[in-house]
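Heads up: the structure comes next, in structure tokens.
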Amino acid sequence: MERYDLAVIGAGIFGLASAYHYVRRAGGKVVVLDALSGPGQGNTGRSVGGYRKGIFTSNLNRLLSESTVAFFEDLQRSGVDLGMHPIGYLILLDSEALESNSAAIEEFVRKGNARVMGADELGSMVPWMKLRFGDDEEAQLLGMRDVEAAVFSPSSGYLDVEKLVAHYYRDLLDKGVEFRFGTTVKRLRLSPVISIGHPREPLAWQAKRVGAIETDNGDVSAENVVVAAGAWVNQLLDPLGIDSHVKPKKRQVFSVEARGELAKFFDVDGFNGHRSMPMTFVPRGPYVAPRVRERALWLGYSDDVGRPWGIDFTPEESFYYDNIYPMVSKIFPVLKDVRPTSMWAGCYSINTIDENPIVFRSMNMVVATGGSGSGVMKCDAIGRAVTSLLLGEEEFVLYTGERVPVSWLGIRGRRAEPESFVF
Ligand SMILES: Cc1cc2nc3c(=O)[nH]c(=O)nc-3n(C[C@H](O)[C@H](O)[C@H](O)COP(=O)(O)OP(=O)(O)OC[C@H]3O[C@@H](n4cnc5c(N)ncnc54)[C@H](O)[C@@H]3O)c2cc1C
Numbered sequence: 000m001e002r003y004d005l006a007v008i009g010a011g012i013f014g015l016a017s018a019y020h021y022v023r024r025a026g027g028k029v030v031v032l033d034a035l036s037g038p039g040q041g042n043t044g045r046s047v048g049g050y051r052k053g054i055f056t057s058n059l060n061r062l063l064s065e066s067t068v069a070f071f072e073d074l075q076r077s078g079v080d081l082g083m084h085p086i087g088y089l090i091l092l093d094s095e096a097l098e099s100n101s102a103a104i105e106e107f108v109r110k111g112n113a114r115v116m117g118a119d120e121l122g123s124m125v126p127w128m129k130l131r132f133g134d135d136e137e138a139q140l141l142g143m144r145d146v147e148a149a150v151f152s153p154s155s156g157y158l159d160v161e162k163l164v165a166h167y168y169r170d171l172l173d174k175g176v177e178f179r180f181g182t183t184v185k186r187l188r189l190s191p192v193i194s195i196g197h198p199r200e201p202l203a204w205q206a207k208r209v210g211a212i213e214t215d216n217g218d219v220s221a222e223n224v225v226v227a228a229g230a231w232v233n234q235l236l237d238p239l240g241i242d243s244h245v246k247p248k249k250r251q252v253f254s255v256e257a258r259g260e261l262a263k264f265f266d267v268d269g270f271n272g273h274r275s276m277p278m279t280f281v282p283r284g285p286y287v288a289p290r291v292r293e294r295a296l297w298l299g300y301s302d303d304v305g306r307p308w309g310i311d312f313t314p315e316e317s318f319y320y321d322n323i324y325p326m327v328s329k330i331f332p333v334l335k336d337v338r339p340t341s342m343w344a345g346c347y348s349i350n351t352i353d354e355n356p357i358v359f360r361s362m363n364m365v366v367a368t369g370g371s372g373s374g375v376m377k378c379d380a381i382g383r384a385v386t387s388l389l390l391g392e393e394e395f396v397l398y399t400g401e402r403v404p405v406s407w408l409g410i411r412g413r414r415a416e417p418e419s420f421v422f
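Under numbering that gives the first Met the number 0, the first residue of the sequence shown carries the number 0, and numbering increases by one thereafter.
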């Protein structure tokens, strides 16, 4: 059985960022195992790659994402093309959303991270957008009220996740990290730390460790193991009696080509240097994410109650027609009769208490999961937290220099306030 200093299970963005920081700090013989055929082919590859800067209320969200985005920005500035497009986030607000978020919005504006646009200003910048629904019965049925204002966050945007994955992958190969793709981990086999040669070891009273990683391509053994298996994490942890505190939930994205009238999304002055509409969020509804290079619009909607937990990668075309289309076509009438040209589904791994990632240590294993809908924009911070836990440190240092106790991301000592600015 081949022995490593570190085995990382999962070549998604959490596994890659973990290996990236570990090899930089500790070196050694590292292997990354993944069931799929290449890096970032799980939920990372299904991500929209949106990042939010300066518009989180939760301290932990702010620390994890802002430091990670600062890392992306510096990387991009240094010449690594991550396909970053700071086209901005435009969060539309009806009277209810405006009132319930007023304190948060005031704070974002005070810090200079966002500005509030009134409906008149928005209407004059984007005259083809509909903000008032008058006595439109269909809009009322959809629960849509007049848009009173919008929060515009100019430094938020999106990046090309494939490019970020490629950067990590190349770097890790250069550093001598081994990758084994098409390798499914079937079971983590426990061993006693000190064996007494009993046939049913490890016994309840014995200190334990992950002694072997059983895969469909033979066993692997490592001094330390990182489980970064995303939405599949429970398949590995449940048999060990360890709770990951996350559950998977399906999320879908529908892409439309921005032809004809839809070209208007890329002909708007005043938001960003690309003359593109920002990523736009409908109150309690779907979002529209313009893709500048692809000249496409990506549309999605994070449905909650009624959407079962579970792993499911089948996109439902009817979800677009029943849920996304009716709302977005009210706000953007140019979307009328527009059909998606492609669609895909992935799974968020959601920590059901605060929706922030979970990173904890058990035995010689560190678990990093719960990326939910913001794992990409937090990956650098998570890689640092994992590495600090592996090295026995109580704090990790963010890219931007702040020190954060690793326990804040764990189960005991967790300090992850739920986000209150949700859209
Ligand atoms: C539709 C969608 C849109 C999203 N949009 C955004 C966004 O705009 N911004 C943002 O920041 N985040 C977004 N996210 C969330 C983000 O993609 C995730 O939080 C992040 O990719 C999670 O990374 P991960 O490494 O934990 O999981 P994954 O990328 O899923 O990686 C886990 C890996 O583990 C492997 N694996 C699992 N079990 C085993 C096993 N037993 N043996 C071997 N390998 C195994 C899998 O093959 C997989 O490659 C989105 C997610 C989805 C689904």
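Ideal Cβ positions, reconstructed from N, Cα and C, are used throughout, including at glycine.
Practice problem: Taking the CB atoms as reference points, tell me whether Ile-54 and Phe-280 lie closer together than 8 Å. | Solution: In this structure, Ile-54 lies away from Phe-280, with their beta-carbon atoms at least 8 Å apart.
Exercise. Measure from the alpha carbon of Arg-306 to the alpha carbon of each residue in Ala-10, Asn-271 and Cys-346, then state which is nearest.
Key: Cys-346
Quiz item: DSSP three-state call for Trp-127: helix, strand or coil?
Solution: When secondary structure is reduced to three states using DSSP, Trp-127 falls in the coil class, being assigned neither helix nor strand.
Self-check item: Asp-82 Cβ short of 7 Å to ligand 1 heavy atom set
Solution: Just to set this straight, residue 82 is Gly in the shown sequence, not Asp. The answer is no for Gly-82.
Quiz item: Which of the three DSSP states, helix, strand or coil, is assigned to Phe-280?
Solution: strand
Quiz prompt | CA nearest to the CA of Arg-294, picked from Ile-323, Met-276, Gly-382 and Asp-302 | solution = It is Met-276 whose Cα lies nearest to the Cα of Arg-294.
Exercise. Can you tell me which of the three DSSP states Ala-206 falls into?
Key: coil
Quiz item: For Arg-402, which residues from the same chain have a beta carbon less than 8 Å from its beta carbon, with the 5 sequence-adjacent residues on both sides left out?
Solution: Glu-394, Phe-395 and Val-396
Practice problem: Taking all protein chains shown into account, decide if Ser-36 is buried (16 or more other Cβ within 10 angstroms of its Cβ) or exposed. | Solution: exposed
Quiz item: If you draw a straight line from the C-alpha of Ile-104 to the C-alpha of Glu-98, how long is it?
Solution: 10 Å
Practice problem: Please confirm whether any heavy atom of ligand 1 lies closer than 7 Å to the CB of Leu-235. | Solution: Yes - ligand 1 has a heavy atom lying nearer than 7 Å to the Cβ of Leu-235.
Practice problem: Just mark Ala-203 as buried or exposed, buried being the case when its beta carbon has 16 or more other beta carbons within 10 Å. | Solution: Exposed is the label assigned to Ala-203, since fewer than 16 other Cβ atoms lie within 10 Å of its Cβ.
Quiz item: Where in the region 178-237 do unbroken runs of the alpha helix (DSSP H), each at least 4 residues long, occur, reported from the N-terminal end onward?
Solution: 232-236
Self-check item: Short Cβ contact (8 Å threshold) for Gly-374 with Ala-227
Solution: For Gly-374 and Ala-227, no; Cβs fall outside 8 Å.
Quiz item: Under three-state DSSP, which class holds Leu-298?
Solution: strand
Practice problem: Answer with buried or exposed for Asn-58, where buried requires no fewer than 16 other C-beta atoms within 10 angstroms of its C-beta. | Solution: exposed
Practice problem: Would you kindly report the start and end of the unbroken alpha helix (DSSP H) that includes Glu-64? | Solution: Looking at the sequence shown, residue 64 is not Glu but Ser. First-last of the alpha helix (DSSP H) with Ser-64: 58-76.
Exercise. On the DSSP bridge assignment, give the partners of Asn-271 in chain order.
Key: Paired residues: none, contrary to the question.
Quiz item: Does ligand 1 have even one heavy atom less than 7 Å from the beta-carbon of Ala-211?
Solution: no
Quiz item: Cβ of Ser-152 within 7 Å of any heavy atom in ligand 1?
Solution: no
Quiz item: Going by other Cβ atoms of all chains shown within 10 Å of its Cβ, with 16 needed for buried, is Pro-289 buried or exposed?
Solution: buried
Quiz item: So does Val-47 have its beta carbon nearer than 7 Å to some heavy atom of ligand 3?
Solution: For ligand 3, the structure offers nothing, since it holds only ligand 1.
Quiz prompt | Arg-258 vs Val-267 beta-carbon contact at 8 Å | solution = no
Quiz prompt | Coil, strand or helix - Leu-5 by DSSP | solution = strand
Quiz item: Given a threshold of 16 other Cβ atoms within 10 Å of its Cβ, counted over all protein chains shown, does Tyr-300 qualify as buried or as exposed?
Solution: buried
Practice problem: Please work out which residues of its chain come closer than 7 Å, Cβ to Cβ, to Lys-248, disregarding the five sequence neighbours upstream and downstream, and give them in chain order. | Solution: Arg-306, Trp-308, Cys-346, Tyr-347 and Ile-349
Quiz item: What does Ile-349 pair with, by DSSP beta-bridge criteria?
Solution: Lys-246
Quiz prompt | Outcome for His-84 when other beta-carbon atoms lying within 10 angstroms are tallied against a minimum of 16 | solution = buried
Quiz prompt | Beta-ladder partner(s) of Ala-148, from DSSP | solution = Leu-92 and Gly-117
Quiz item: DSSP puts Met-342 in a beta bridge; with which residues?
Solution: Phe-253
Practice problem: Could you check if Tyr-157 is buried or exposed, using at least 16 other CB atoms within 10 Å of its CB as the buried criterion? | Solution: Its Cβ being crowded by 16 or more others within 10 Å, Tyr-157 is buried.
Quiz item: Do you know offhand how far Trp-231's Cα is from Ala-34's?
Solution: 11 Å
Quiz item: Sorted by chain position, which residues of the same chain lie with C-beta nearer than 8 Å to Phe-265's C-beta, five sequence neighbours on each side aside?
Solution: Scanning its chain for C-beta atoms nearer than 8 Å, with the 5 sequence neighbours on each side dropped, one finds around Phe-265 the residues Ala-257, His-273, Arg-274, Ser-275, Met-276, Pro-289, Val-291 and Arg-294, in chain order.
Quiz item: Got a sec: does ligand 1 put a non-hydrogen atom nearer than 7 Å to the Cβ of Gly-370?
Solution: yes
Practice problem: Give the secondary structure of Gly-41 by DSSP, where H, G and I count as helix, E and B as strand, and everything else as coil. | Solution: coil
Quiz item: When we look at the beta-carbon of Tyr-320 and count the other beta-carbons within 10 Å, is it buried (16 or more) or exposed?
Solution: Burial call: exposed.
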